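**Student:** Sharing a structure, written as structure tokens. Questions coming.
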Amino acid sequence: MENLTLLPDVMIDIEALARRPGAAIIRLAAATFDPWSAQIGQEIDIRVKASPPFIMDLETY
Numbered sequence: 001m002e003n004l005t006l007l008p009d010v011m012i013d014i015e016a017l018a019r020r021p022g023a024a025i026i027r028l029a030a031a032t033f034d035p036w037s038a039q040i041g042q043e044i045d046i047r048v049k050a051s052p053p054f055i056m057d058l059e060t061y
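Residue numbering for the sequence shown follows our numbering, starting at 1 and increasing by one per position.
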């Protein structure tokens, strides 16, 4: 079984097709970490499947 050490901080990354409100989100990632020791704990990376209205965002050109 994994050592599930609890680390005090969480970093969240949200990747979207634009910076404006309502832009399509394409990926979510998160990781626990300890800023004092630089230890990185559990990580998760999720690719969000795009539905047809959000496949292209003209602001990204």
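Note that beta-carbon positions come from the ideal geometry of N, C-alpha and C, so glycine has one too.
Computed from a prediction, not measured in an experiment: that's the story for all the values here.
1. Are Ala30 and Val10 closer than 9 angstroms when you measure CB to CB?
2. In three-state DSSP terms, what is Leu17?
3. Less than 9 angstroms separating the beta-carbons of Pro15 and Thr32?
4. Would you give the residue range spanned by the beta strand (DSSP E) that Gly41 belongs to?
**Tutor:** Answer, in terms of the structure:
1. Within the sequence shown, numbered from 1, the residue matching residue 30 stands at position 30. Within the sequence shown, numbered from 1, the residue matching residue 10 stands at position 10. Between Ala30 and Val10, the CB-CB gap stays under 9 angstroms.
2. Translated into the one-based positions of the sequence shown, residue 17 becomes position 17. Note: Leu17 maps to coil in three-state DSSP.
3. For the purposes of this step, residue 15 is identified with residue 15 of the sequence shown, where counting begins at 1. For the purposes of this step, residue 32 is identified with residue 32 of the sequence shown, where counting begins at 1. In the sequence as presented, Pro is not what sits at residue 15; that position holds Glu. Taking 9 angstroms as the Cβ cut-off, Glu15 and Thr32 do not qualify as a contacting pair.
4. Taking the first residue of the sequence shown as 1, we reach residue 41 at position 41. 39-47 is the extent of the beta strand (DSSP E) around Gly41.
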